[in-house]
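Read through the structure below, which is laid out as structure tokens, and then see the notes.
In mature numbering (1 follows the signal peptide of the UniProt record, and there is no 0), the protein residues as written are -25 to -1, 1 to 663.
In structure tokens, the structure reads:
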């Protein structure tokens, strides 16, 4: 087991960056000392292959940058939010240069700007964009990747791109491969929005491979495409309409994507097109609504005659005038099962598990299933399970939360996947103590929320929120006669009236479990959890009296520990001098990171004194969001903490009542089903 897993976070990150960088790679800061004292381009030109440039300014950048014939990383410096305005960031190779080219962009903002990267050599190129927030240049793709030679990889993760109409055969996220290139793409959890609506031309995500020998795999997972895209919300096409002889063969994997239109006549949600080549397509657990054609597949050029689409269509939720519009001869090699289709079907005979009952979604613009949706627990576990494994995809839904949950904790049988991109079963709510739910002088407050009533197997994760009343003391959960309550783990401390709490009730399955400390699991202040040996897991822990009724009146947290051998996850007392008793019960939630389930570390840029800022698109400017956190263990620190929203600053923060050391870490979960709708985030897209 790697020693990196137990090193302080800053040290581990430094070592990993050095290992990943080419020999002699340096980190530069712009603006900074010469040659990085002037415009950004001068710093880029000076940087050597493999260098990293930290952008340390909040002043809008209007000159852009071009990376030529080398590999560079541009990222926001700690504590800064750089904005490119009315400009372009580009990377490419000069004619005749066949070496490696790369551009990695991290946590940058773009205002009426765009990113364009291309490669035409015979070598390799790597492009990466993570956590970009972008309003695209009018008429341009926000991010365009073009491979016309060599082998190119692109990773596009958790970017938010909005923009007006693009050219008809382009999109706000545009991926092109030609001239025998190999282009492999992973585009996960991007949010694409048409704003303003305009005439609707172009696509949200545009994928096109053309030319003999052109190949690769495009994986689209967990993306959300909203608005008026006349070409298609997502278009995946083989060949060129103007040159049908330029055939190619490639693969696409569309899993857990959400495409919501505006009811435009003849619009396409997901569109698959071929000329005279081959497309291997897997469409699983997508949700498409408010498009005339939810999913369409066939020839897309007047000169096309022999193109074929093979693959599978499973667990999709499709609502449209034509839910499926396929050319039967073209898609003869596609199988299908367990789809929910509301609308006409052409060119395909629907298979086992097809549902035609009304989808019953939350609303016209919130495509999550309502409690009475027939999509819940109606999918095929095997299709999704094998697809995720064989294609190395995240085992999470479009919200970035766990799959395979029961409708309620009381639902009989094993957990089943839902049809569509969203998994039903998680709930978030806020609780304020009052005389109606908390007895005078009592250390217990009743939650009385319908989502958890009479659900004795529920697993709750709670974080105090500062409302003007301090309530950072450690609490646990307890159920009696169908009613869940919170209790101060020290019964000598009354529950204060007016105190606030965020509650996340995790769906049964999907990463939720229970743990009871035993003589075999406990060492000192810690108890070993039966979780996978993976330090990247995001783990939440909450004391659950019903699971184990032994008192443990201390703040608890979680820890991953490894030293020269297999690693393990532990739950333990923050004050390491306090041994963990035998028989203490916990609710546990664990999953791999996603944009909405992540770990935050206190650094010089986000933390000062007792305060750690939470920087997240669903939290910033959203006072009604309800994040929950679990502290990563720092021995001998058993202090109380809570969450607070600062309206004057527009962000959430964690406040430690005893001061917070640099390097302190918290695991954070933001439930988009709650955070998007409470703050009107869905309605702010401008397409409605």
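Ideal Cβ placement from N, Cα and C applies to all residues, glycine included.
Cβ-Cβ separation, residue j to residue i (assumed contact under 8 Å), whole Å
| i | j | result |
| --- | --- | --- |
| residue 648 | residue 401 | 7 Å |
| residue 602 | residue 645 | 5 Å |
| residue 618 | residue 477 | 7 Å |
| residue 266 | residue 231 | Not quite, the Cβ-Cβ distance comes to about 18 Å (not below 8 Å), so this is no contact. |
| residue 501 | residue 555 | 6 Å |
| residue 504 | residue 490 | 6 Å |
Environment of residue i [buried if 16+ CB atoms lie within 10 Å]
| i | result |
| --- | --- |
| residue 187 | exposed |
| residue -16 | Because residue -16 carries a pLDDT of 39, less than 50, the predicted location of this residue cannot be relied on, and the following value inherits that uncertainty. So residue -16 ends up on the exposed side. |
| residue 439 | buried |
| residue 388 | exposed |
| residue 219 | buried |
| residue 8 | exposed |
| residue 552 | exposed |
| residue 650 | buried |
| residue 295 | buried |
| residue 369 | buried |
| residue 297 | buried |
| residue 283 | buried |
| residue 332 | exposed |
For residue i, the nearest candidate out of the options (CA to CA)
| i | options | result |
| --- | --- | --- |
| residue 606 | 592, 593, 548, 312 | 548 |
| residue 114 | 643, 233, 281, 147 | 147 |
| residue 385 | 285, 430, 337 | 430 |
| residue 191 | 169, 230, 253, 200 | 253 |
| residue 462 | 529, 508, 483 | 529 |
| residue 465 | 508, 473, 518 | 518 |
| residue 409 | 444, 435, 428, 381 | 444 |
| residue 667 | 261, 222, 257, 217 | This structure gives no information on residue 667, because the portion of the chain shown stretches from -25 to 663. |
| residue 289 | 124, 358, 237 | 358 |
| residue 224 | 641, 80, 159, 310 | 159 |
| residue 665 | 31, 181, 486 | In the structure as shown, the chain starts at -25 and stops at 663, and residue 665 therefore has no counterpart that could be examined. |
| residue 100 | 153, 534, 143, 46 | 46 |
| residue 154 | 143, 94, 489, 413 | 94 |
| residue 442 | 621, 368, 136 | 621 |
| residue 383 | 604, 412, 539, 352 | 352 |
| residue 303 | 14, 323, 361, 339 | 323 |
| residue 641 | 625, 568, 653 | 568 |
Residue interval of the alpha helix (DSSP H) (run including residue i)
| i | result |
| --- | --- |
| residue 15 | 15 to 21 |
| residue 649 | 647 to 653 |
Simplified DSSP state of residue i, which is helix, strand or coil
| i | result |
| --- | --- |
| residue -21 | Caution applies to residue -21, whose pLDDT of 33 falls short of 50 and renders its modelled position unreliable; the model cannot decide the point. |
| residue 305 | coil |
| residue 155 | coil |
| residue 48 | strand |
| residue 519 | strand |
| residue 360 | helix |
| residue 59 | strand |
| residue 365 | helix |
| residue 444 | coil |
| residue 398 | coil |
| residue 573 | strand |
| residue 469 | coil |
| residue 538 | coil |
| residue 511 | coil |
| residue 341 | coil |
| residue 255 | strand |
| residue 378 | coil |
| residue 663 | Bear in mind that the predicted position of residue 663 carries a pLDDT of just 40, short of 50, making it unreliable; the figure below should be weighed with that in mind. In this structure, residue 663 counts as coil in the three-state DSSP scheme. |
| residue 204 | coil |
| residue 86 | strand |
| residue 556 | coil |
| residue 9 | coil |
| residue 582 | strand |
| residue 416 | coil |
| residue 665 | The structure shown does not extend to residue 665, since the chain is modelled only from -25 through 663, so no value can be given for it. |
| residue 329 | coil |
N- and C-terminal bounds of the beta strand (DSSP E) containing residue i
| i | result |
| --- | --- |
| residue 72 | Careful: residue 72 lies outside any beta strand (DSSP E) and carries neither H nor E. |
| residue 263 | 262 to 264 |
| residue 31 | Taken as a continuous stretch (DSSP letters only), residue 31 belongs to no beta strand (DSSP E), as it is neither H nor E. |
| residue 235 | 233 to 235 |
| residue 194 | 192 to 196 |
| residue 5 | 2 to 5 |
| residue 109 | 108 to 111 |
| residue 246 | 243 to 249 |
| residue 168 | 166 to 169 |
Neighbour flag for residue i against chain C, beta carbons, 9 Å
| i | result |
| --- | --- |
| residue 510 | Absent from the structure: chain C. Only one protein chain is present. |
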